[in-house]
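Peer 1: Structure in structure tokens, see below.
2 protein chains.
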Amino acid sequence: MSSNVRRPYDPAVRRAAVVAAVMAATERLLAGGVSFTELGIKQIAAEVGLARSTFYLYFSSKTELVLRLVEALHSPNWESSEGTPVDLEAITEAYRTGIAFFRERKLVLAAVLEAAAYDPEVGAAWEGYRRKFVQREVGLLRAEQAAGRTPAEVDAQAAAEVIIWGGFQVITHHVTTRGPERDDIIAQELAANQYYGVYRRGVRG
Amino acid sequence: MSSNVRRPYDPAVRRAAVVAAVMAATERLLAGGVSFTELGIKQIAAEVGLARSTFYLYFSSKTELVLRLVEALHSPNWESSEGTPVDLEAITEAYRTGIAFFRERKLVLAAVLEAAAYDPEVGAAWEGYRRKFVQREVGLLRAEQAAGRTPAEVDAQAAAEVIIWGGFQVITHHVTTRGPERDDIIAQELAANQYYGVYRRGVRG
DNA sequence: GTCAAGGTCGGACACCATGTCCGAGTGAAC
DNA sequence: GTTCACTCGGACATGGTGTCCGACCTTGAC
Chain E
0 MSSNVRRPYD PAVRRAAVVA AVMAATERLL AGGVSFTELG IKQIAAEVGL
50 ARSTFYLYFS SKTELVLRLV EALHSPNWES SEGTPVDLEA ITEAYRTGIA
100 FFRERKLVLA AVLEAAAYDP EVGAAWEGYR RKFVQREVGL LRAEQAAGRT
150 PAEVDAQAAA EVIIWGGFQV ITHHVTTRGP ERDDIIAQEL AANQYYGVYR
200 RGVRG
Chain D
0 MSSNVRRPYD PAVRRAAVVA AVMAATERLL AGGVSFTELG IKQIAAEVGL
50 ARSTFYLYFS SKTELVLRLV EALHSPNWES SEGTPVDLEA ITEAYRTGIA
100 FFRERKLVLA AVLEAAAYDP EVGAAWEGYR RKFVQREVGL LRAEQAAGRT
150 PAEVDAQAAA EVIIWGGFQV ITHHVTTRGP ERDDIIAQEL AANQYYGVYR
200 RGVRG
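Going down the list, the protein sequences come from chains E and D.
The opening position of the first sequence corresponds to residue 0 in numbering that gives the first Met the number 0, with each subsequent residue numbered one higher.
The opening position of the second sequence corresponds to residue 0 in numbering that gives the first Met the number 0, with each subsequent residue numbered one higher.
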């Protein structure tokens with residue numbers, strides 16, 4: 000670390016910079032209206048200013064590029080389920096945040112969804128991404144049930160899958176195909192659906 | 000290797016028979032564990048007993064084959080929204096039927112979902128398929144609101160999208176990745192979620 | 001039995017994408 | 001000036017799609 004002061008470029012840093020440049024270039028090209036499937040390595044490399052063969056010095060395949068894009072969708076904020084209040088307003092706000100998050104990354108999101116459908120590796124990565132949310136949801140639900148606030152008849156696993164899988168689909172489809180005009184309304188409906196449909200199922204609101 | 004399809008006199012009938020044979024062969028190959036993307040025209044043609052070039056006498060492209068597969072997912076039963084009672088048991092039963100329907104066709108369903116993600120034409124067809132359900136749901140919701148049984152604050156369009164888009168995702172993902180063991184539980188959760196989350200939102204059950 | 005026509009075969013082609021490989025060039029470090 | 005790491009750019013192998021066409025049946029008409 001301290002011995003190579005004379006080198007202007009730390010190889011690892013430089014490498015990371017190139018990787019980031021490739022990802023940025025990909026997003027830029029996607030912004031031009033091309034779908035990820037239509038996008039060839041040739042075009043991506045050209046956009047960064049690299050030879051096509053040089054691309055393969057940084058990514059072993061197109062699949063690996065997408066896997067990096069999946070990583071770019073991770074947000075540290077969502078990891079903890081602690082301090083998550085179960086009330087309608089808080090849930091609505093969480094959905095607003097989530098929608099805004101994906102809207103900012105909608106091009107990458109669309110590319111990932113596209114690749115996840117036909118590339119098993121990407122599919123597994125995306126599945127793992129969602130699994131975290133399902134598990135967190137199951138935990139929250141069980142806690143609510145233990146506290147007697149959510150009916151014990153609710154199947155926590157199935158309910159969590161319905162909420163997360165369904166919610167992801169609504170958000171991703173909405174964000175990748177429409178403008179932000181109805182973001183708030185969608186957030187409210189998702190939240191109300193979750194709150195009255197699961198957390199306070201059959202309870203007067 | 001000659002065609003194993005009998006030749007009825009009527010050219011149109013014979014043509015339809017070949018088309019059907021190709022679709023059946025595709026499903027047969029998918030049953031072998033190959034994904035639709037991996038499946039080449041060459042293999043499909045060979046499975047039917049046709050030359051690859053002959054395939055193109057019946058389908059202009061792989062896309063057209065998928066579009067026919069989308070059509071194969073249509074069920075005449077679902078078109079009418081008349082006589083649909085809004086009670087928890089009826090909704091649960093409807094979900095059970097839907098899940099069973101897609102489970103029987105899960106290979107075709109998986110192929111369609113795969114292609115819809117990267118082929119714009121297929122994507123549009125699948126989008127149209129779902130749109131019918133959304134519209135039907137909006138109609139039902141508005142009627143319930145007019146009758147004063149569903150809160151007026153519910154945004155019918157957004158709620159319908161949440162229910163249909165989300166429900167489709169849950170059902171398709173469940174059916175294409177898991178066995179039938181939990182079909183009933185999933186149906187119950189979807190139904191309860193819809194009933195208490197939208198139709199009788201905030202009403203004691 | 002002959003013959004024309006519709007339909008099929010099978011392979012060649014053009015095209016394009018991925019991923020591999022390698023010799024030649026370039027620029028910074030020493 | 002030499003070395004070394006990196007990059008370039010193009011050739012290759014491979015495999016897919018969709019087109020095209022001449023050589024073949026098989027069928028039905030006569």
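We treat Cβ as the ideally placed atom computed from N, Cα and C, and that holds for glycine.
(1) Grab the span of the alpha helix (DSSP H) containing H172(E) for me, first residue to last.
(2) Can you give me the start and stop residues for the alpha helix (DSSP H) that G39(E) sits inside?
(3) Quick check: the Cα distance between A15(E) and F54(E), rounded to an integer number of angstroms?
(4) For F100(D), which of helix, strand or coil comes out of DSSP?
(5) Since D154(E) meets chain D, which of its residues come closer than 8 Å, beta carbon to beta carbon?
(6) Give me the residue from Q187(E), F101(E), E63(E), E152(E) with the minimum Cα distance to P119(E).
(7) When you compare the region 169-179 of chain E with the region 89-108 of chain E, are there three or more beta-carbon pairs, one atom per stretch, that lie closer than 8 Å?
(8) Report the neighbours of H172(E) on chain D: residues whose CB is nearer than 7 Å to its CB, in chain order.
(9) Just to make sure I have the definition right: I need the residues of chain E whose C-beta is within less than 7 Å of the C-beta of Y195(D). Which are they?
(10) At a threshold of 7 Å, does A30(D) count as lining the ligand PLP (C-beta to nearest heavy atom)?
(11) Quick check: A124(E) and L66(E), are their CB atoms within less than 8 Å of each other?
(12) Between which two residues does the alpha helix (DSSP H) harbouring W125(D) extend?
(13) When the cut-off is 8 Å and only beta carbons count, does T91(E) lie next to chain D?
(14) A116(D) and L28(E): beta carbons closer than 8 Å?
(15) Check for me: the alpha helix (DSSP H) holding N76(D) runs from which residue to which?
(16) Rounded to a whole number of angstroms, what is the C-alpha to C-alpha distance between L56(E) and A45(E)?
(17) With 8 Å set as the bound, which would you pick, yes or no: does the beta-carbon of T36(E) sit closer than that to a beta-carbon of chain D?
(18) Out of R13(E), G48(E), A109(E), N76(E), which has the shortest C-alpha to C-alpha gap to R177(E)?
(19) Let me know the secondary structure DSSP gives G201(E) once reduced to three states.
(20) Is the Cβ-Cβ distance between Q187(D) and T91(D) less than 8 Å?
(21) If you draw a straight line from the C-alpha of T149(E) to the C-alpha of A93(E), how long is it?
(22) According to DSSP, is L56(D) helix, strand or coil?
(23) Any beta-carbon of chain E closer than 8 Å to the one on Y117(D)?
(24) Between T36(D) and G39(E), what straight-line distance do the alpha-carbon atoms span, to the nearest angstrom?
(25) Got a sec? Which residues, its chain only, sit under 8 Å from V121(D) by beta carbon, not counting five neighbours each side?
(26) The region 100-131 of chain E: which residues have C-beta closer than 9 Å to a C-beta of chain D, in chain order?
(27) Got a sec, what are the start and stop residues for the alpha helix (DSSP H) V21(E) sits in?
(28) Would you kindly work out how many angstroms separate the C-alpha atoms of R95(E) and V174(E), rounded to a whole number?
(29) Considering only residues of the same chain and omitting the five flanking positions on each side of A20(E), which have a CB-CB separation below 7 Å?
Peer 2: By the coordinates alone:
(1) Within the first sequence, residue 172(E) is the residue found at index 173, counting from 1. Residues 155-176.
(2) Taking the first residue of the first sequence as position 1, residue 39(E) is located at position 40. No alpha helix (DSSP H) contains G39(E), which DSSP labels as neither H nor E.
(3) Counting from one through the first sequence, the residue named residue 15(E) turns up at place 16. Counting from one through the first sequence, the residue named residue 54(E) turns up at place 55. Spanning the two alpha carbons is a distance of roughly 13 Å.
(4) Working through the second sequence from its first residue, we reach residue 100(D) at position 101. Helix at F100(D).
(5) In the first sequence, counting from the first residue as 1, residue 154(E) sits at position 155. Residues of chain D passing the Cβ test: I184, Q187, E188.
(6) Here residue 119(E) is taken as the residue at index 120 of the first sequence, counted from 1. Answer by Cα proximity: E63(E).
(7) yes
(8) Locating residue 172(E) in the first sequence gives position 173, counting from the first residue. W164, listed in chain order.
(9) The count along the second sequence starts at 1 and reaches residue 195(D) at position 196. Near Y195(D) (Cβ distances below 7 Å), the residues of chain E are Y195, G196, R200, G201.
(10) Here there are no bound small molecules, and the ligand PLP is not part of this structure.
(11) Numbered from its first residue, the first sequence carries residue 124(E) at position 125. Numbered from its first residue, the first sequence carries residue 66(E) at position 67. Their beta carbons are under 8 Å apart, which means A124(E) touches L66(E) by this criterion.
(12) Sequence index remark: in the second sequence, residue 125(D) carries index 126 (1-based). Residues 119-145.
(13) Numbered from 1 along the first sequence, position 92 holds the residue referred to as residue 91(E). False, the Cβ-Cβ gap to chain D never drops below 8 Å.
(14) Indexing the second sequence from 1 puts residue 116(D) at position 117. Indexing the first sequence from 1 puts residue 28(E) at position 29. Not closer than 8 Å, so no.
(15) Here residue 76(D) is taken as the residue at index 77 of the second sequence, counted from 1. Taken as a continuous stretch (DSSP letters only), N76(D) belongs to no alpha helix (DSSP H), as it is neither H nor E.
(16) Within the first sequence, residue 56(E) is the residue found at index 57, counting from 1. Within the first sequence, residue 45(E) is the residue found at index 46, counting from 1. Going from the Cα of L56(E) to the Cα of A45(E) covers about 15 Å.
(17) For the purposes of this step, residue 36(E) is taken as the residue at position 37 of the first sequence. It does: the Cβ of T36(E) has a partner Cβ on chain D nearer than 8 Å.
(18) The residue you call residue 177(E) lines up with position 178 of the first sequence. Closest option to R177(E), Cα to Cα, is A109(E).
(19) For the purposes of this step, residue 201(E) is taken as residue 202 along the first sequence, with counting starting at 1. Coil.
(20) Residue 187(D) sits at position 188 when you count from the first residue of the second sequence. Residue 91(D) sits at position 92 when you count from the first residue of the second sequence. The answer is yes: Cβ separation under 8 Å.
(21) Sequence index remark: in the first sequence, residue 149(E) carries index 150 (1-based). Sequence index remark: in the first sequence, residue 93(E) carries index 94 (1-based). So the two alpha carbons sit approximately 20 Å from each other.
(22) Here residue 56(D) refers to the residue found at position 57 when the second sequence is read from its first residue. In this structure, L56(D) counts as coil in the three-state DSSP scheme.
(23) Reading the second sequence from its first residue, position 118 is the one you call residue 117(D). Judged by the 8 Å Cβ criterion, Y117(D) is in contact with chain E.
(24) On the second sequence, residue 36(D) is found 37 positions in, with the first residue counted as 1. On the first sequence, residue 39(E) is found 40 positions in, with the first residue counted as 1. Straight-line Cα distance between these residues: approximately 17 Å.
(25) Looking up residue 121(D) in the second sequence gives position 122. Around V121(D): T62, V65, L66, V69, V111, A114, A115.
(26) L112, E113, A114, A115, A116, Y117, D118, P119, E126
(27) The residue labelled residue 21(E) in the question sits at position 22 within the first sequence. Segment 10-30, the alpha helix (DSSP H) holding V21(E).
(28) Your numbering for residue 95(E) matches position 96 in the first sequence. Your numbering for residue 174(E) matches position 175 in the first sequence. Each residue's alpha carbon lies about 12 Å from the other.
(29) As a position in the first sequence, residue 20(E) is number 21, starting the count at 1. Within the same chain, A20(E) has close Cβ partners V47.
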